[in-house]
Amino acid sequence: MKAEAGKMLHSERSKQEGHIWGSMRKTAFILGSGLLLSVAFWNSVTWHLQRFWGASGYFWQAQWEKLLTTFEGKEWILFIIGATQLPVLFFWGFNGLLLVVDTTGRPHCITRYRIQPGKNEPVDPVKLWQAIRTVLFNQFVVSLPMVVSFYPLLKWWGDPCRHDLPTFHWFLLELATFTLIEEVLFYYSHRLLHHPKFYKRIHKKHHEWTAPIGVISFYSHPVEHVASNMVPAMLGPLVMGSHLSSITIWFSLAVTVTTISHSGYHLPFLPSPEFHDYHHLKFNQCYGVLGVLDQLHGTDTAFRQTKAYERHVLLLGLTPLSESIPDPPKMQ
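Quick note on full-length UniProt numbering: the sequence shown kicks off at 1 and runs consecutively.
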């Protein structure tokens, strides 16, 4: 009997091992196939983009050389225009459109995507003008001198107005580096500003808006604007010794993304603002930009239990996520 029981046990173990190895082989096949497809897809995408970059590169290089000729001996002026004025135009161009919606409550085709219904419908004009004045102060009294002082450092490390524009692959590497540095610096500086010693004196100003709108992305105390807005965005180009073209694109992209994060609208085909909107609502969750460090430090655990987390995806249709993934009914 013992011998038969031993044989049966051995047979069961063999079957289990067979199932495990079979599962492992299937998993390896699926993951391997997925990896190969991903690499093939990525190579195809980068090849096409590189061809476009290369084909248009001659045109942009020629335009850049014309600018260098125009500003010869005054490259610092060209730097100020590219690193400050163009991003500012992006900021106010985008926010100008959002402010029309925020102040009028129209058109409905936009307001139906509001994340916090009933808030800012329309926005308080007194509060709005206070925010606009603060933003302008931060942009022209705080940011502009910082960028001016940034130029000699960049010129010493690697001339931002050098003759050759960056290659496509180098720009991708720069963009990844900028994003990583911004995520780390913004997360930890932001968490530090939530410390009781700093929150009341500095960061509380930004949190006056529990339902944010796009323009308040730079509505902050000057110390916060330097520590959490400017330094995280500026350090990446300094580390990489970036060309002015990369800096202009990066700064313009950064102000656009932060505007979307504060916009209060989860619009189709744009990055989800649910993460940072939830931070303004609850204060003690979702400190980062991408959410990677929040997951690492457990500062998004409450957010992950909410419908807002379920809605934190790229909206690829026209039905608002507040309708397709509604909040649970409130208890009476």
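Beta carbons are placed, not taken as given, at the ideal position from N, Cα and C, and that holds for glycine.
1. When you compare the segment 80 to 87 with the segment 133 to 151, are there three or more beta-carbon pairs, one atom per stretch, that lie closer than 8 Å?
2. Does the pairing of the segment 121 to 128 with the segment 95 to 108 give three or more beta-carbon distances under 8 Å?
3. To which residues of the same chain is L318 closer than 8 Å at the C-beta, ignoring the five residues directly before and after it?
4. What are the start and end residues of each continuous alpha helix (DSSP H) run of 4 or more residues lying completely inside the segment 211 to 257, in chain order?
5. Quick one: what's got a C-beta closer than 6 Å to N138's C-beta in the same chain, skipping five residues either side?
6. What separation, rounded to the nearest whole angstrom, lies between the Cα atoms of L315 and F71?
7. Is it true that the CB of L98 sits closer than 7 Å to the CB of G214?
8. Which residue's Cα is closest to the Cα of D254: Q116, N229, L270 and F171?
9. If distances are taken between C-alpha atoms only, which option among T256, H279 and R311 comes closest to H194?
10. Tell me the rounded alpha-carbon separation between R13 and T306.
11. If we call anything under 7 Å between Cβ atoms a contact, is G288 one with P212?
12. What is the C-beta distance between R311 and E274, in whole angstroms, given that I count them as a contact (C-beta under 8 Å)?
13. Return the residue from the list Q61, V184 and H163 that minimises the CA-CA distance to H297.
14. Scan the segment 126 to 205 and note each continuous alpha helix (DSSP H) run of 4 residues or more that stays entirely inside, going in chain order.
15. How many angstroms separate the CA atom of A176 from the CA atom of L238?
16. Between which two residues does the alpha helix (DSSP H) holding H266 run?
17. For R162, which residues of its own chain have a beta-carbon under 7 Å away from its beta-carbon, when the five flanking residues on both sides are left out?
18. What did DSSP end up calling R114 once you bin it into helix, strand or coil?
Here's the rundown:
1. yes
2. yes
3. Sequence index remark: in the sequence shown, residue 318 carries index 318 (1-based). These residues qualify, in order along the chain: P268.
4. 231 to 240
5. Translated into the one-based positions of the sequence shown, residue 138 becomes position 138. F218 and H225, listed in sequence order.
6. Your numbering for residue 315 matches position 315 in the sequence shown. Your numbering for residue 71 matches position 71 in the sequence shown. Cα-Cα distance, rounded: 44 Å.
7. By 1-based counting over the sequence shown, the position of residue 214 is 214. By 1-based counting over the sequence shown, the position of residue 98 is 98. It is a contact, given that the beta carbons lie within the stated cut-off.
8. Numbered from its first residue, the sequence shown carries residue 254 at position 254. Note that residue 254 corresponds to Ala in the displayed sequence, not to Asp. The candidate whose alpha carbon is nearest that of A254 is N229.
9. For the purposes of this step, residue 194 is taken as the residue at position 194 of the sequence shown. Closest option to H194, Cα to Cα, is H279.
10. In the sequence shown, counting from the first residue as 1, residue 13 sits at position 13. In the sequence shown, counting from the first residue as 1, residue 306 sits at position 306. With a pLDDT of 49 at R13, under the threshold of 50, the predicted position of this residue should be treated as unreliable, and no value is reported.
11. Here residue 288 refers to the residue found at position 288 when the sequence shown is read from its first residue. Here residue 212 refers to the residue found at position 212 when the sequence shown is read from its first residue. No, they are not a contact pair.
12. Mapped onto the sequence shown, residue 311 falls at position 311. Mapped onto the sequence shown, residue 274 falls at position 274. Confirmed, about 5 Å.
13. Your numbering for residue 297 matches position 297 in the sequence shown. Closest by alpha carbon: V184.
14. 144 to 157, 168 to 193 and 196 to 199
15. Taking the sequence shown and counting its residues from 1, one reaches residue 176 at position 176. Taking the sequence shown and counting its residues from 1, one reaches residue 238 at position 238. If you take the alpha carbons of A176 and L238, they lie about 14 Å apart.
16. As a working mapping, residue 266 is identified with position 266 in the sequence shown. Neither: H266 is in no alpha helix (DSSP H) and is coded neither H nor E.
17. Within the sequence shown, the letter at position 162 stands for residue 162. So the list reads H243, once near-sequence residues are dropped.
18. Taking the sequence shown and counting its residues from 1, one reaches residue 114 at position 114. If DSSP states are grouped into helix, strand and coil, R114 belongs with the strands.
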